[in-house]
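This note's numbering numbers the first residue of the sequence shown as 226 and each following residue consecutively.
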Amino acid sequence: MKMPSKVIAIWGSPDSGKTTFSVKAAKLLAADKRNVLMIHCDDETPVIPTLISSPEGSEKSLGDLLSKTNLTVDTVLQHSFAFGSSGYISFLGYVSGDNAISYPEYTLQSVKNLFGLCKRVPDIDFILVDCSHHTISNLLTAYALESADIVFRIGTPDTKSMVYLVSQVQALLDPKFKIHRQIGILNKVRNHSTTLYESAFERGVARYDFPFCPGLEDQLEEQHLLDSLTGKAGKAFDSAFASLIQEVILNE
């Protein structure tokens, strides 16, 4: 009997590396022969055009999917994109030209239906939710943070990120969000000291520090996030990331 798909939510401050984290996690899980479905929630800056070259058009957009009145597993599959050559990774998201008013507002029930159907997609082991930075008003994000099996909270060592996290943690103090179970990640997207920003990670069961890796930005710009990183910095990042995935996800 198939084990239920595990939902992993990734949220954090703008430009903290949520999408990069999601893709790198999917890559490592795929290397372990796990099937991964990513859901990219951002309806203001569509993620799909940053990951693959895709034509404009709404027929496969997550917004179009959520506007359907009768969702089915087949409908979910029709709106998904294959990612990479492994055959283990696919995703749902907004396409080029989409914005927050491109589609009718969807309901919380539609979100619950979507997550339920995603869990029924054959052979999916993990559902990775790349959350919007609007933690409450974006219903996909809010429901993912409430219902996920594992939640990662990502911040960067700068004042703006710290202020965002402190504010959003206050918004997520309702017990349903289980804020104290979230796993904090301090991601050095720039080569800054982290000492001044430790307090932003007080709430949570653990904290991981990711070292600065300049190659990540190049990979994102060139749509090559599934590639391996090179150089000393790349190896240090890969090592830290692999340890996290093994300890938190695969060994749970």
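Note that CB positions come from ideal geometry on N, CA and C, so glycine has one too.
key: Three CB pairs or more closer than 8 Å across the stretch 456-473 and the stretch 245-263   = yes
ask   = If you draw a straight line from the C-alpha of Gly309 to the C-alpha of Val272, how long is it?
value = Numbered from its first residue, the sequence shown carries residue 309 at position 84. Numbered from its first residue, the sequence shown carries residue 272 at position 47. Roughly 15 Å between the two C-alpha positions.
request  = May I ask you to list the residues that DSSP assigns as paired with Ser315?
outcome  = In the sequence shown, residue 315 corresponds to position 90, counting from 1. According to DSSP, Ser315 bridges with Leu262, Ala307.
request  = For Asp299, count neighbouring Cβ atoms within 10 angstroms of its own Cβ and tell me buried if that reaches 16, exposed if not.
outcome  = On the sequence shown, residue 299 is found 74 positions in, with the first residue counted as 1. Its Cβ having fewer than 16 others within 10 Å, Asp299 is exposed.
query = Just checking my contact of Leu317 with His265 at CB under 8 Å: how many whole Å lie between their CB atoms?
reply = Locating residue 317 in the sequence shown gives position 92, counting from the first residue. Locating residue 265 in the sequence shown gives position 40, counting from the first residue. Correct: roughly 7 Å between the Cβ atoms.
inquiry  = Quick check on Gln395: buried or exposed, where buried means 16 or more other Cβ atoms within 10 Å of its Cβ?
reply    = Here residue 395 corresponds to residue number 170 of the sequence shown, with the count starting at 1. Its Cβ having fewer than 16 others within 10 Å, Gln395 is exposed.
query = Where does His449 land, buried or exposed, given buried means 16+ other C-beta within 10 angstroms?
reply = Reading the sequence shown from its first residue, position 224 is the one you call residue 449. Exposed.
ask   = Of the choices Phe435, Val391, Met263, whose alpha-carbon is the least far from that of Ala458?
value = Within the sequence shown, the letter at position 233 stands for residue 458. Closest option to Ala458, Cα to Cα, is Phe435.
inquiry  = Checking 9 Å against the spacing of the C-beta atoms, do Leu290 and Leu339 come in under that value?
reply    = For the purposes of this step, residue 290 is identified with residue 65 of the sequence shown, where counting begins at 1. For the purposes of this step, residue 339 is identified with residue 114 of the sequence shown, where counting begins at 1. Against a cut-off of 9 Å, the Cβ pair of Leu339 and Leu290 comes out as a contact.
task = Determine the direct distance from the alpha carbon of Asp267 to that of Ala369, and round the result to whole angstroms.
result = For the purposes of this step, residue 369 is identified with residue 144 of the sequence shown, where counting begins at 1. For the purposes of this step, residue 267 is identified with residue 42 of the sequence shown, where counting begins at 1. Computed Cα separation, rounded: 13 Å.
key: Option nearest Ile352 by Cα separation, candidates Thr297, Met228, Ala234, Arg415   = By one-based count along the sequence shown, residue 352 stands at place 127. Nearest of Thr297, Met228, Ala234, Arg415 to Ile352, Cα basis: Ala234.
ask   = With distances taken from CA atoms, which of Ile474, Val232, Gly237 is nearest Val388?
value = The count along the sequence shown starts at 1 and reaches residue 388 at position 163. Nearest option by C-alpha distance: Gly237.
Neighbourhood of Ser212 by C-beta, 8 Å cutoff - its chain only, sequence neighbours within 5 removed = This structure does not reach residue 212, given that the chain is present from 226 up to 477, and the question cannot be answered.
task = State the DSSP-derived secondary structure class of Leu441, mapped to helix, strand or coil.
result = On the sequence shown, position 216 is the one that residue 441 refers to. Looking at Leu441 - three-state DSSP - the assignment turns out to be helix.
key: Closest residue to Leu262 among Lys285, Glu284, Val354 (Cα-Cα distance)   = Working through the sequence shown from its first residue, we reach residue 262 at position 37. Ranking the options by Cα distance to Leu262, first place goes to Val354.
Coarse secondary structure for Leu475, derived from DSSP in three states = Translated into the one-based positions of the sequence shown, residue 475 becomes position 250. DSSP places Leu475 in helix when its eight states are reduced to three.
Pro329 to Ser286 span [Cα, whole Å] = On the sequence shown, residue 329 is found 104 positions in, with the first residue counted as 1. On the sequence shown, residue 286 is found 61 positions in, with the first residue counted as 1. The straight-line gap from Cα to Cα measures roughly 13 Å.
ask   = What are the start and end residues of each continuous alpha helix (DSSP H) run of 4 or more residues lying completely inside the stretch 358-422, in chain order?
value = 364-372, 384-396
Option in Leu296, His405, Ser292 with minimal Cα separation from Tyr487 = Since the displayed the chain opens at 226 and closes at 477, residue 487 lies outside it and no answer follows.
request  = Could you round the C-beta distance between Ser372 and Asn363 to whole angstroms and report it? I think they count as a contact, below 8 Å.
outcome  = The residue you call residue 372 lines up with position 147 of the sequence shown. The residue you call residue 363 lines up with position 138 of the sequence shown. Not a contact, Cβ separation roughly 14 Å.
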